[in-house]
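Quick notes on the structure that follows.
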Amino acid sequence: MDFYILKKQQELVAIPANENNCKQYLDSGYFYIDKVAACNEVNALKVLQTKQTKTLKYPLIMALLALPIIFVGWYSLT
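Numbering-wise, numbering that gives the first Met the number 0 puts 51 at position 52 of the sequence shown, and it's gapless, one number per residue.
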């Protein structure tokens with residue numbers, strides 16, 4: 000089942016992917032974040048958290064791998 004993830008201030012809400020229901024939330028001040036597939040609302044929020052963590056994890060790993068190469072290159076040049 001698909002869920003829309005909406006946010007209002009610091010509150011995240013997962014609602015079933017129904018456009019009419021989503022429009023009501025948007026009219027009351029919520030903002031659309033993402034659409035995820037999950038079996039219930041709690042899992043939908045966990046899926047979003049996992050997605051966001053993966054998005055940040057890969058660039059961080061690449062940067063950490065590049066640092067030793069930069070230091071070795073800098074040391075060999077000086």
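C-beta: ideal position from N, C-alpha, C; glycine also.
Check                                                                                                                                                                                    : Outcome
Considering only residues of the segment 3 to 61, which uninterrupted alpha helix (DSSP H) runs meet the minimum length of 4 residues and lie entirely inside it, listed in chain order? : 18 to 26
For Val-41, count neighbouring C-beta atoms within 10 Å of its own C-beta (all shown protein chains included) and say buried if the count is 16 or more, exposed if not.                 : exposed
Of the residues Asp-26, Gln-8, Ala-36, Leu-63, which one's Cα is nearest the Cα of Lys-50?                                                                                               : Ala-36
Rounded to the nearest angstrom, what separates Phe-2 and Ile-14 at their Cα positions?                                                                                                  : 5 Å
Only counting the same chain, and skipping five residues up and downstream in sequence, which positions put a Cβ closer than 7 Å to that of Asn-20?                                      : Ile-14
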